[in-house]
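Enquirer:
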Amino acid sequence: MIKNIMRLVVASAIAVFAAPIFADGHGCKISARVSIVGNEFPAIHAVADGAKVCKGSEVKANLTADHQKINVAGMSGNPAEYTSAIIANSSIVALMNNDVIRPLDDLVAKHGKGLKKNQLITINGKVMAIAFMANAQHLVYRSDILEKAGISAPKTYEEMLAGAKIIKDKGLMDYPLGGAYKAGWNLAQEFTNMYIGHGGEFFKSGSAEVSINNAKGVATLEMLKALSAYMNPDFLTHDSNATSAEWKAGNVAMMNMWGSRMGPLMDPEQSTPTVVKTTTLGDPMTVGGGSTPATTLWWDGWTVAKNISDAEAEATFIAMMNGINPKRLDDKMMPLAVWLIEGFKPGPANVGVAAAARMNAIPYPMLPYQGLLHSALGSEIVDFMQGKEDAATALADVEAAYTAAAKEKGFLN
Amino acid sequence: MKHKTFFWFFLPTASAMLLFIALPIFSIVIQSLFTPHDAVIIVTENCDPFGCKQETTIDQEATRDLRKSEPLGKFVGLEIYKDRGHLAVNEVKEIWIESNNFTEFKKNIGNLPFYRAMAFTLTFTFTVTPLMLVFGFIIALAVNSLHHNLKGLTIFFSLLPMIVSPLIGSLVLFWMIDSRGIIGEALQYVFEDPDLSLKASTGLTWVMLIVYGVWHAAPFSFVVFYAGLQTLPMDTIESAKIDGASRLQQVWYVVIPHLMPLITFVALMQLMDNFRVFEPIVGFSAEAHAQSLSWFIFNDLGGETRLLSSAATSSVLTIIGVSILLFPVLIRTWRDFNEKSAK
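Residue numbers (my numbering), protein chains in the order written: chain A, 2 to 414; chain B, 4 to 346.
#1: Under 9 Å, Cβ to Cβ, is there at least one residue of chain A near Val-46 (chain B)?
#2: Would you mind reading off the limits of the alpha helix (DSSP H) that contains Lys-127 (chain A)?
#3: Which residues of the segment 171–205 of chain B have a Cβ closer than 9 Å to any Cβ of chain A? Give them in chain order.
#4: Decide if Thr-8 (chain B) is buried, meaning its Cβ has at least 16 other Cβ atoms within 10 Å, or exposed.
#5: Starting from Ala-42 (chain B), find everything on chain A with Cβ-Cβ shorter than 9 Å and list it in chain order.
#6: For Met-20 (chain B), does the count of other Cβ atoms within 10 angstroms reach 16, so buried, or fall short, so exposed?
#7: In chain A, what lies closer than 9 Å to Gly-88 (chain B) by C-beta?
#8: Taking 8 Å as the threshold, find out whether the segment 60–70 of chain A comes into contact with the segment 27–43 of chain A through three or more Cβ pairs.
#9: Just reading off the beta strand (DSSP E) that Val-60 (chain A) is part of, what are its end residues?
#10: Would the segment 191–209 of chain B and the segment 265–280 of chain B be scored as touching if the rule is three or more Cβ pairs under 8 Å?
#11: Can you name, in chain order, every residue of its own chain whose Cβ lies under 8 Å from the Cβ of His-40 (chain B), other than the five neighbours on each side?
#12: According to a CB-to-CB cut-off of less than 8 Å, which residues of the segment 296–313 of chain B neighbour chain A?
#13: By alpha-carbon positions, which one of B:Phe-340, B:Gly-139, B:Ser-313, B:Glu-64 ends up nearest to Glu-409 (chain A)?
#14: Could you check what DSSP says for Gln-233 (chain B) in three-state terms: helix, strand or coil?
#15: Quick one: using the 10 Å Cβ neighbour count with 16 as the cut-off for buried, is Leu-251 (chain B) buried or exposed?
#16: So with Cβ pairs under 9 Å, would you call Asn-103 (chain B) a contact of chain A?
#17: Work out the CA separation of Asn-252 (chain A) and Asp-284 (chain A) for me, nearest whole Å.
#18: Assign Ala-250 (chain A) to one of three DSSP states: helix, strand, or coil.
#19: Below 8 Å on the Cβ atoms is my contact criterion, and I expect Thr-208 (chain B) with Ala-289 (chain B) to pass it. Report the Cβ-Cβ distance as a whole number of Å.
#20: Within 10 Å of its beta-carbon, does Val-210 (chain B) have 16 or more other beta-carbons around it, so buried, or fewer, so exposed?
#21: Give me the subset of the segment 219–242 of chain A whose CB atoms are less than 9 Å from a CB atom of chain B, sorted by chain position.
#22: Take Thr-128 (chain B) as the anchor and find which of B:Arg-279, B:Phe-299, B:Ser-297 has the nearest alpha-carbon.
#23: Could you check how far apart the C-beta atoms of Val-46 (chain B) and Gly-207 (chain A) are, in whole angstroms? I think they sit under 8 Å.
#24: Determine the contact status of Pro-177 (chain A) and Ala-163 (chain A), defining contact as a CB-CB distance below 9 Å.
#25: Rounded to whole angstroms, how far is the Cβ of Gly-185 (chain A) from the Cβ of Gly-379 (chain A), which I believe are closer than 8 Å?
#26: For Leu-90 (chain B), collect the residues of the same chain with a Cβ closer than 7 Å to its Cβ; drop the 5 residues on either side in sequence, then sort them by chain order.
#27: Along the segment 112–138 of chain A, what residues have a CB closer than 8 Å to any CB found in chain B?
#28: Hey, is Leu-296 (chain B) close to the ligand SAM, as in C-beta under 8 Å from one of its heavy atoms?
#29: In angstroms, rounded to a whole number, what distance separates the CA positions of Tyr-231 (chain A) and Phe-225 (chain B)?
#30: Are there three or more Cβ pairs, one per stretch, closer than 8 Å when the segment 175–186 of chain B is compared with the segment 293–303 of chain B?
#31: Kindly say whether Asn-214 (chain A), judged by its beta-carbon, lies nearer than 9 Å to any beta-carbon of chain B.
#32: Taking its Cβ as the centre, do 16 or more other Cβ atoms sit within 10 Å of Thr-123 (chain A), making it buried, or is it exposed?
#33: According to DSSP, which residues form a beta bridge with Gly-302 (chain A)?
#34: Assuming Asn-187 (chain A) is part of the alpha helix (DSSP H), what are its boundary residues?
#35: Look at the alpha carbon of Leu-188 (chain A) and the alpha carbon of Lys-127 (chain A), and state the distance between them as a whole number of angstroms.
#36: Counting only the same chain and skipping the five closest in sequence on each side, list residues whose C-beta sits under 7 Å from that of His-199 (chain A).
Right, dumping it as structure tokens:
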């Protein structure tokens, strides 16, 4: 008994004293080069900075919004330029399709202490990536405008539409709704959300054959168009950045937006005082009487390249583990994201993503051909949004464009 | 020049052209004839932070050997050229059969990406090129008649649109014509229409891109024509004056014929440049309304899709398009050249 207590005391003493030392990186020693490629936003910077603390060899990081254009090429060579790519559930597919990342099971067993089971991204029984943060789109609204209009926060997209009409009719705002509806990736993402909310399936089960030209697809498009009628007429050019800018300028009362964008909206240094004070986060909305929220869950994680030596792979794993070390979750790093790391405490900017997970939102599909469909959606539903063709024609166009691309890629014959 | 001397003189140029022009073209032609191997798809159990489920992935082991033995991929001939993303042969046939009249045919053809892009690209090319020639010429004449103390400064300011990199220039204008930007608001005020948005209408987006195209390219023709004006034969101008030619007649009968070779040169360059219109589409986020072959190539290469064969095919189609455009001008130059050497 006494022995056990002594052991506990010694162990906690070691933990207490080791913690700051470990955080400084003295505990992180690597013996081969580490080179990271990834997207560019504060949470990713924090992880890369943690990896750079490691001593013993060089740690480089190339963080850019164009990471998806360079990661496959940069990992295809032998040896690969990048030893690790930071990716999300959609972009790991390109790395898998091109066979440039390695299974991590042995490294997890050796160095993966402290990883939670849900951080291990397992494909076909092998761990292929380590997730460190979650993201999702959800409702955000201006409490003051909704109060003036006499409405409560919408739980469904139908309520959102009704609320927008009241706000507009009362003359509180010309374009009460916002949204990242830029033609291309963003618009396709909104379609994906809404289609999932309607309970739609993108493909015929177990095949690469697309099936979105159905009643649910039409309902999805009609809803997107109805919402866009309450948006700034330039909505087809507004991505998340432009939509955030509209929000910060106080021009929007309600929108469906990424959890990772909430921090800046509520930051007094970047936004106007009234907006900061009244920006309120809500749950993701449902649509068409469904119970699945019309949003998708996302994770961000890191991978290790295949075409590098085992020593480099091990060094990369150790360095990246240091990047997501729970001891690094200080006041600065904590509010940057919904971390999947042990010890994360959600703050006021994170409640939306937490709600999405609680409501059993569906993760964005990790299918080899989902990206092709996303791309086809992004360009072919634009005509419908502009009122140039009807919903069924637009969906038929999407299917035709997808099929041509899927044939080229060898997914369909 | 002796043939031997000419050969050695021309060799460096020829090898550079072979290496940097002929080889890449050869390479994209080859790539446009092949596609990736058929993917072997398996259903596996995948797990992420949100749970485990059955999902489809590619069986890498199964495709690896195939890739190794035939690294170029699967030979498909002209299939990619004929698919919906490019010439859409079957779709066009179907539309031709199903359409009752030409208007309907035109509308349905506009639904196919390649023809939609062509409609914009050709409109852009054939409005921007003549307009920039005219504006460049007028600016050159105006600057040439200025007092020489003022010339330097005026030339500098006239060249500014060309100095600004196209992407930056279009981004600046993009924010100015935003419905909350200075030009956007001004237009709403002038036309008394608070909902007027340049970015939301296809027609106005095209006008905006064309105006930008002229604004950006006019300095190029200006600077070439201005240089040409410095070589004007003053004797001819003076004799024209003595003969009682008005200023307009001098320009029409003396200046323009003198500058004709330069006009051909600028037109040639601009036809090529405008056919490859790309930066303004990206800068103005105009892809919802206007697309070009270059934009397709960019779109195919980026993101998660990587349609490499499709990008190669679009590149070959761009080269063919440019050749067709330049053909009349090249023929003309060839004829002029022959006439001159015959004399």
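We put the beta carbon where it would ideally sit given N, CA and C, even for glycine.
Since the structure is predicted, the reported quantities are computational estimates derived from the model, not experimental observations.
Expert: So, from the listed chains and residues:
#1: The sequence position of residue 46 (chain B) within the second sequence is 43, counting from 1. Cβ-Cβ to chain A under 9 Å: yes for Val-46 (chain B).
#2: The residue you call residue 127 (chain A) lines up with position 126 of the first sequence. Where Lys-127 (chain A) is concerned, there is no enclosing alpha helix (DSSP H), although the beta strand (DSSP E) it sits in stretches over 127–143.
#3: Phe-177, Asp-181, Ser-182, Arg-183, Gly-187, Pro-197, Asp-198, Leu-199, Ser-200, Leu-201, Lys-202, Ala-203, Ser-204, Thr-205
#4: Position 5 of the second sequence, counted from the start, is the residue given in the question as residue 8 (chain B). Exposed, since its Cβ has fewer than 16 Cβ neighbours within 10 Å.
#5: Stepping through the second sequence from its first residue, residue 42 (chain B) is reached at position 39. Chain A residues near Ala-42 (chain B): Asn-98, Ala-209, Pro-369, Tyr-370, Lys-410, Gly-411, Phe-412.
#6: To locate residue 20 (chain B), count along the second sequence from 1; it is residue 17. By the 10 Å Cβ count, Met-20 (chain B) comes out exposed.
#7: Mapped onto the second sequence, residue 88 (chain B) falls at position 85. Going along chain A in sequence order, the residues near Gly-88 (chain B) (Cβ under 9 Å) are Ala-402, Ala-405, Ala-406, Glu-409.
#8: yes
#9: Locating residue 60 (chain A) in the first sequence gives position 59, counting from the first residue. Segment 60–64, the beta strand (DSSP E) holding Val-60 (chain A).
#10: no
#11: Residue numbering aside, residue 40 (chain B) sits at position 37 when the second sequence is read from its first letter. Cβ neighbours of His-40 (chain B) beyond the five flanking positions: Thr-66, Leu-69, Arg-70, Glu-73, Gly-76, Lys-77.
#12: Asn-302, Leu-304, Gly-305, Gly-306, Glu-307, Thr-308, Arg-309, Leu-310, Ser-312, Ser-313
#13: Your numbering for residue 409 (chain A) matches position 408 in the first sequence. The residue with the shortest Cα to Cα distance from Glu-409 (chain A) is B:Ser-313.
#14: Sequence index remark: in the second sequence, residue 233 (chain B) carries index 230 (1-based). Looking at Gln-233 (chain B) - three-state DSSP - the assignment turns out to be coil, as it is neither helix nor strand.
#15: Numbered from its first residue, the second sequence carries residue 251 (chain B) at position 248. Leu-251 (chain B) comes out exposed.
#16: Counting from one through the second sequence, the residue named residue 103 (chain B) turns up at place 100. It does not; no Cβ of chain A falls within 9 Å.
#17: Within the first sequence, the letter at position 283 stands for residue 284 (chain A). Within the first sequence, the letter at position 251 stands for residue 252 (chain A). Taking the straight line joining both Cα atoms gives about 21 Å.
#18: Along the first sequence, one-based indexing puts residue 250 (chain A) at 249. Ala-250 (chain A): coil per DSSP, three-state reduction.
#19: As a position in the second sequence, residue 208 (chain B) is number 205, starting the count at 1. As a position in the second sequence, residue 289 (chain B) is number 286, starting the count at 1. Contact flag correct, Cβ pair sits at about 5 Å.
#20: Along the second sequence, read from residue 1 onward, the residue named residue 210 (chain B) stands at position 207. By the neighbour-count rule (16 or more Cβ atoms within 10 Å), Val-210 (chain B) is not buried but exposed.
#21: Asn-233, Pro-234, Asp-235, Phe-236, Leu-237, Thr-238, His-239, Asp-240
#22: Counting from one through the second sequence, the residue named residue 128 (chain B) turns up at place 125. Cα-wise, what sits closest to Thr-128 (chain B) is B:Arg-279.
#23: Stepping through the second sequence from its first residue, residue 46 (chain B) is reached at position 43. Stepping through the first sequence from its first residue, residue 207 (chain A) is reached at position 206. That belief holds up - the Cβ atoms of Val-46 (chain B) and Gly-207 (chain A) are roughly 6 Å apart, short of 8 Å.
#24: In the first sequence, residue 177 (chain A) corresponds to position 176, counting from 1. In the first sequence, residue 163 (chain A) corresponds to position 162, counting from 1. Not closer than 9 Å, so no.
#25: The count along the first sequence starts at 1 and reaches residue 185 (chain A) at position 184. The count along the first sequence starts at 1 and reaches residue 379 (chain A) at position 378. Gly-185 (chain A) to Gly-379 (chain A), Cβ: 4 Å. Contact.
#26: Taking the second sequence and counting its residues from 1, the one referred to as residue 90 (chain B) is at position 87. Within the same chain, Leu-90 (chain B) has close Cβ partners Tyr-84, Phe-117.
#27: Asn-119, Gln-120, Leu-121, Ile-122, Thr-123, Ile-124, Asn-125, Gly-126, Ala-132, Ala-135
#28: This structure lacks the ligand SAM, and indeed carries no ligand of any kind.
#29: To locate residue 231 (chain A), count along the first sequence from 1; it is residue 230. To locate residue 225 (chain B), count along the second sequence from 1; it is residue 222. The alpha-carbon atoms of Tyr-231 (chain A) and Phe-225 (chain B) are separated by roughly 45 Å.
#30: no
#31: Here residue 214 (chain A) refers to the residue found at position 213 when the first sequence is read from its first residue. It does not; no Cβ of chain B falls within 9 Å.
#32: Taking the first residue of the first sequence as position 1, residue 123 (chain A) is located at position 122. When all chains shown are included, Thr-123 (chain A) counts as buried.
#33: By one-based count along the first sequence, residue 302 (chain A) stands at place 301. Gly-302 (chain A) pairs with A:Ile-88, A:Ala-132.
#34: Position 186 of the first sequence, counted from the first residue, corresponds to residue 187 (chain A). Residues 186–198.
#35: Within the first sequence, residue 188 (chain A) is the residue found at index 187, counting from 1. Within the first sequence, residue 127 (chain A) is the residue found at index 126, counting from 1. Roughly 33 Å separates the two Cα atoms.
#36: To locate residue 199 (chain A), count along the first sequence from 1; it is residue 198. Only Lys-217, Ala-220, Thr-221, Val-288, Gly-289, Gly-291 meet the Cβ criterion.
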